[in-house]
Every structure is written in structure tokens, then in C-alpha cells.
DNA sequence: CCATATTTGTAGTTTAAATACATTTACTTT
DNA sequence: AAAGTAAATGTATTTAAACTACAAATATGG
């Protein structure tokens, strides 16, 4: 049988992902190389062709054939693309904050850690679930967003964005209001419940109440959790495992990006007419602002 | 005079930045190489040593000496580090959303664009201003955060974070409440005003009111703006210039990261005792959650 | 203006990457 | 099931790229 050529999803894509996806289509000894690459990409970076071949226990030309198979012109280019892909992975290496860090160091660490976590969340998103959520939200009569604490912020953010695309929606961040609103939901409505832990009692009650009324529930949490068990669609926004003080910070930012994706996708679906409405609204906002010369008191 | 060795701010740092900073300390012909690198780093990636030397109009060993001077072991490693640095810059290349993009494509584009924008914001932050803001916030009796719309979300987020480090604070997202609160502020208080445009009238009034009462004002906006003119400390959170629908989305995320930095820094300053309080609070939150077995209805 | 030190280039050496070819393994067909 | 064929892998060789030692040229200080 002829060897199948592999093409990445998007050209110039993360080479590590390309390797992972190509894995089953590779020849036996090429796969040995691929496995070593996935196992420790950093090591390949510091390795020469000879070292890489010894490491994978195959001949040098096989390593090169592997590189060609996944779409590179040779070993050199492959290494460059690995370096490219690894960039985000190493941003977080200096992420432990110290009391005597300079401002510059803090900026580097926190931005680095945030970007790395986003990259992690990106690569661990379930596209299937996301697609299902988009479909559901696109058809929804109305949407309610629920969350407490950090997740409450995310709910509010979502509520600000979705109306722009023509979906009536609300956000509830008070436990009493949440239960009331959830109880009133009916078939055709969609409840989006944010909870990083996915274990907060109030949120589980909200999800249950919404379901009992016949509404669909989209659960968003940081890992597999009770919330997801009682949701119609489960979206896991996984962030880097980090037990220190900054975890909630990261998870909310990753969730915000997921909200961006959902709202953008729903917006693209509902489309044309709403783009116009959006422009009109922007104009209204503009009138709230001054021109260039503001008379400062 | 002896040639000065250059050391990057943080080891493993963005090599492009290292080159930029090292520029004045380099030898004349090494500088020619550095200029070419800064001019078009991508080109260096696809070039061989011979090509790079021809491009810069110097000899091959000079190129190598340049690599060594900025802290690499040779040309190869230099190229790898350039690839590393360039990673974020190319994430945003596919960022125009299409109606018929797959979910996977949307995820890639929006995450990519978000990460690139964060990187941009990071490299354009004014550390000096940030340091001044940290100092001010660390000494503050109380802090009030102000914002409308997307910036209101940021204000709420900030308000959730700062109390963890022992600073009493509030967030106002209603124009009437904002003015009332701002008018009541006194010396020793700090007002943090978020406005992406920095031109919203209500926010300018708030900043002015707070100043009139003797409070210090930290203005946070996306570019130079009237708000910053009337603030004691100006923080510009610059995001990628993108006129389409998603700009507010990005700017709020970048602002959230800046809030993270401020709160982390203030937290580190106020330190020890509050770390304990923070743990206590975490424990309280934990009791709000179920254990593993939740009785699903 | 000469002497010394520093910078830059030339030429050669070494090492790594890629190619052509040979061998082995697996698969198909009778 | 066996032989032939095609595909996959390894061996040996070639090519070229990166690095090094040394020499020339330029700049610097007395």
C-alpha cells in the first residue's frame, strides 16, 4: 500500500500537533522517531541528526524521511519548527513569583504563565463539544449565564458579548437570583453554567433546575466534575496544573477566550443583519465619547 | 577597550529583545549582522551561515562571533532561539474569521490572536508606570475600581482580587454610583479607572472627582488618551491594532493580566500574614463544595 | 608616528545533513 | 504455500554547512 502523505490542519501549524496526528499514518520506524519527539521535544532540539537517530534506534535517513513525511524539507527545518512550537511551553518555566522580583520580572512571569496556560487550554479543548455548544447557542431562544466569584465575571462577560449577535441573554451572579431564573427556564432556552471546580453546590442546583424546566445546559468547568455529569454539553477548559495562588486567575482568562470563541461562532452563524446592528450600536457608543479636545478641569 | 559581554534580563529570554538591547555594545560589523536580524528575523531563519554573512556583508566568522556575543554557542543555536522568539509573532497570521471556518479553525485563530496580542501588550508595557502604580496601591488605605462595559468587567475582576491581599476595595460599574463614590474619595485613597478608549465622558468625570477629593488616580487605557492626561499614573495596555469586532475582547483580557500583575505585586508586598488569611478563605470556599459523590437528581 | 591591542577577514578542518544505492521485510497472487 | 514484487529500512558516500586557527588590517594610546 502506498504511503499516505500527511497534511496539517492549518499550514504552519504547531509541528508537535502535526506529529501527534500523523502518528498512526507513519511507517513503523518513522513512528519510533515520532514517539521520541513527542516524549521529549526539547531533547530533539539539542540533538544532532546522528543523536536523534541513535535515540530512536533507527538509521539517520529514517529520521530524515520522518521529517519529510510530516511536511518538512529536512531535519534542520524540522528542528526550527519544533523550536517554534516549543516557544510557549517554555514561557512558564520561570513562573514562580518571588518577593524581591523586579517589576519587569513579574511582568515576564505572569504574562508568560498566562500565555502558556492559554496554549495549554487551547490544545486540550474538545472541539466536538464546542461545536455542539455553538449549534445549541445558535438556535437558542434565550441564553442565561451563571457563575459565582471568578466564574461570575466570566458570566457577566458572556452576557455583554452575546446580545451583539442578536441573542437575548442574561447573567446571574447572585445565588437567589440564579435559582429563580433557572427555575423559570423552558425548552428552547439554554443555560450556560460556569464553575471552575464544577463542584459548587449552588451551581449544581442551578443546572438541575434549568434541566427540570426543559432547558438545555452547557457546563463549563476546569476538569471532569459533577457539574459536567448533569450537563447536556460539557466543555472542559483545562489550565496548567498549578496549585498556587494564581490558578483562578488563569482559569477565568481561559474561560473568557472560550466565551470569545462561542460568541464569535454564534455571531458568524447569525450573521449579516446583526453585523449591521452592531455597527449602529458602536455609533451610539461613540457619541458617548468626546472628540479630541476634552476640557480638563 | 575590552569587548563587553551582554547578559539578557532573564536567561532564555526573547533573543530578538536581547539583540535589540545589545545593539549599542556590539562591534561595528557585528552590529551590521544585528541590524539585519532585527530588520527581518524570519529571513535569517531560512538562511544558512553563508547567506547570512553575505546578507550582512561581513565574513562568516563575524556572524558566528555575533552569535557568541549575544550569548549563544553558535549560529545553529542562534537560529533555534530566533525560531523560538518568532513563534508568537506568527500566531496571528491567520486571524481573520470566516463564516465557514471549522470549529478547530476558530479555536486556533482566536487563541492565536489572543496570545499574540498578550505578547504585544507585554512588550509595550511601561514598567516604570507599573512600578509606580504598585507602590501607590501598596500604600493605599482603600482602592476603588471604575469601568463601564468591558472595562466594568475588568473593574469587577480587580475588586475580587485585591481584598485577598488585605486591601479594602470596591468596584463601581454604574455611572451614578461611580460619581458618588468618586466624590467621597479622600487623600490616601486610590482610584483605578479603566477605559479602553480613555475618552468616555463619565470616566473622565470620575477621575476628576476623585482627584478633587485628594485621592490619587491610576488611569488604564489602550492608548494615549484624555483619561491619562488627568491621571497621576498612566498605564497604557496596548493591543494589536485591529479594527474589527474583536478588539474590545482582547483589550479586556490584556487588562485582566495587568490587574493580575498589580494584585500579585501588591500581594507580594503586603505579604506573609495575608497569605495565611488567603488560605483560611480558601478553606471556607471549599466547604461550599461537595466531596466526590454528589447525589444527582 | 610608532607600537600594541583589537577587530575583521581568509583559508582550512571538522562535523553534520542529505543522497544514492543495497538489503531486508512484508505483501500479493497464483 | 511459495515466489515474485513492492515497500521499507539501513549502509556507505557525497556534499555542504558550521566552526577554528591564523594572518591581515584597522584603530588606539603613548
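Protein chains in written order, with the working numbering: chain A, 717 to 1013; chain B, 717 to 1013.
Virtual Cβ for every residue (Gly too), placed ideally from N, Cα, C.
(request) Evaluate residue 754(A) with the Cβ neighbour count: other Cβ atoms within 10 Å of its Cβ, from every protein chain shown; 16 or more gives buried, anything less gives exposed. (result) That one is exposed.
(message) Check whether the region 844-852 of chain B and the region 842-857 of chain A touch, using three or more Cβ-Cβ pairs below 8 Å as the test.
(response) Short answer: they don't touch.
(request) Would you check if there are 3 or more beta carbon pairs closer than 8 Å linking the region 810-822 of chain B to the region 823-839 of chain A? (result) Verdict: no, contact absent.
(request) Quick one: list the residues of chain B neighbouring residue 827(A), beta-carbon separation under 7 Å, in chain order. (result) For a Cβ distance threshold of 7 Å, residue set 834, 838 and 973 of chain B lies close to residue 827(A), ordered along the chain.
(request) Can you check the region 845-901 of chain A for any alpha helix (DSSP H) of at least 4 residues that lies completely inside it and give the ranges in chain order? (result) Runs found: 866-877 and 891-899.
(request) Just the C-alpha distance for residue 974(B) and residue 861(B), rounded to the nearest angstrom, thanks. (result) Rounded to the nearest angstrom, the gap between the Cα atoms of residue 974(B) and residue 861(B) is 14 Å.
(request) Could you tell me the distance, in whole angstroms, from the CA atom of residue 988(B) to the CA atom of residue 816(A)? (result) With a pLDDT of only 49 at residue 988(B), under the threshold of 50, the placement of this residue in the model should not be trusted; the figure read from the coordinates follows. Between the alpha carbons of residue 988(B) and residue 816(A) lies a gap of roughly 13 Å.
(message) Determine, for residue 954(A), whether the minimum Cβ-Cβ distance to residues of chain B falls below 7 Å.
(response) No, no contact with chain B.
(request) May I ask you to report which of helix, strand or coil DSSP gives residue 924(A)? (result) Reduced to three states, the DSSP call for residue 924(A) is helix.
(request) Determine the extent of the beta strand (DSSP E) in which residue 905(B) is found, giving its start and end residues. (result) Annotation for residue 905(B): the continuous beta strand (DSSP E) segment containing it runs 905-910.
(message) Is the beta carbon of residue 955(B) closer than 7 Å to that of residue 967(B)?
(response) Taking C-beta atoms as the reference points, residue 967(B) and residue 955(B) count as a pair closer than 7 Å.
(request) Taking all protein chains shown into account, decide if residue 735(B) is buried (16 or more other Cβ within 10 angstroms of its Cβ) or exposed. (result) Residue 735(B) is classed as buried because its beta carbon has at least 16 other beta carbons within 10 Å across all chains shown.
(message) Counting only C-beta atoms, is residue 1010(A) closer than 7 Å to chain B at any point?
(response) At residue 1010(A), the pLDDT of 41 sits below 50, so the modelled position is not reliable and the matter cannot be decided from this model.
(request) Look up residue 935(B) in the DSSP assignment and give the residues it is bridged to. (result) When beta bridges are read from the DSSP output, residue 935(B) appears opposite 909(B) and 950(B).
(request) Measure the Cβ-Cβ separation of residue 1029(A) and residue 870(A) and say whether it is below 7 Å. (result) There is simply no residue 1029(A) to check, as chain A begins at 717 and stops at 1013 in what is shown.
(message) Here's a check: name, in chain order, each residue in its chain whose Cβ is nearer than 7 Å to the Cβ of residue 775(B), leaving out the five neighbours to either side.
(response) For residue 775(B), where only same-chain residues beyond five positions count, the Cβ hits under 7 Å are 769.
(request) Give the interface partners of residue 1020(B) over in chain A, defined as CB-CB distance under 8 Å, in chain order. (result) A query on residue 1020(B) cannot be resolved here, the shown segment of chain B reaching from 717 to 1013 and no further.
(request) Determine the extent of the alpha helix (DSSP H) in which residue 788(A) is found, giving its start and end residues. (result) For residue 788(A), no alpha helix (DSSP H) segment is defined, and its DSSP state is neither H nor E.
(request) Can you say whether residue 908(B) is buried or exposed, counting buried as having 16 or more other CB atoms within 10 angstroms of its CB? (result) Buried, because 16 or more other Cβ atoms sit within 10 Å of the Cβ of residue 908(B).
(request) Select from 796(B), 940(B), 879(B) and 874(B) the residue whose C-alpha is nearest the C-alpha of residue 915(B). (result) Nearest in C-alpha terms to residue 915(B), of all of 796(B), 940(B), 879(B) and 874(B), is 940(B).
(request) Can you say whether residue 932(A) is buried or exposed, counting buried as having 16 or more other CB atoms within 10 angstroms of its CB? (result) Buried, since its Cβ has 16 or more Cβ neighbours within 10 Å.
(message) In this structure, how does DSSP classify residue 955(B) when only helix, strand and coil are distinguished?
(response) Of the three classes helix, strand and coil, the one that applies to residue 955(B) here is coil, per DSSP.
(message) Under 7 Å, Cβ to Cβ, is there at least one residue of chain B near residue 815(A)?
(response) By this cut-off, residue 815(A) is an interface position.
(request) Verify the CB distance criterion: does residue 756(B) have a CB-CB separation below 7 Å to chain A? (result) Closer than 7 Å: no.
(request) For residue 765(A), I'd like the list of residues in its chain whose CB is within less than 7 Å of its CB, leaving aside the five on either flank, ordered along the chain. (result) Take residue 765(A), set aside five residues on each side of it, and the residues of its chain with a beta-carbon closer than 7 Å to its own are 776, 779 and 791, in chain order.
(request) Let me know if residue 789(A) comes out buried or exposed under the rule of 16 or more other beta-carbons within 10 Å of its beta-carbon. (result) By the Cβ-count criterion, residue 789(A) is exposed, with fewer than 16 other Cβ atoms from all chains shown falling within 10 Å of its own Cβ.
(message) So residue 909(A) contacts chain B; which residues on that side make the cut at Cβ distance below 8 Å?
(response) Under the 8 Å cutoff, chain B gives no residues; its nearest Cβ is about 14 Å from residue 909(A).
(request) Would you kindly report the start and end of the unbroken alpha helix (DSSP H) that includes residue 832(B)? (result) Note, residue 832(B): alpha helix (DSSP H), 819-839.
(request) Determine the extent of the alpha helix (DSSP H) in which residue 754(B) is found, giving its start and end residues. (result) Residues 744-755.
(request) Check residue 764(A) in the structure and name its three-state DSSP category. (result) Secondary structure at residue 764(A): coil, using DSSP grouped into helix, strand and coil.
(message) Using a Cβ-Cβ distance cut-off of 7 Å, determine whether residue 736(A) contacts chain B.
(response) No, residue 736(A) does not count as interfacial toward chain B.
(request) Within 10 angstroms of the Cβ of residue 762(B), are there 16 or more other Cβ atoms? Answer buried if so, exposed if not. (result) Exposed: under 16 other Cβ atoms inside 10 Å.
(request) Within the same chain, show all residues whose beta-carbon is closer than 8 Å to that of residue 985(B), passing over the 5 residues directly before and after it, in chain order. (result) Only 850 and 854 meet the Cβ criterion.
(request) Give me the Cα-Cα distance between residue 787(B) and residue 760(A), rounded to the nearest whole angstrom. (result) Cα atoms of residue 787(B) and residue 760(A): separation of roughly 21 Å, rounded to the nearest angstrom.
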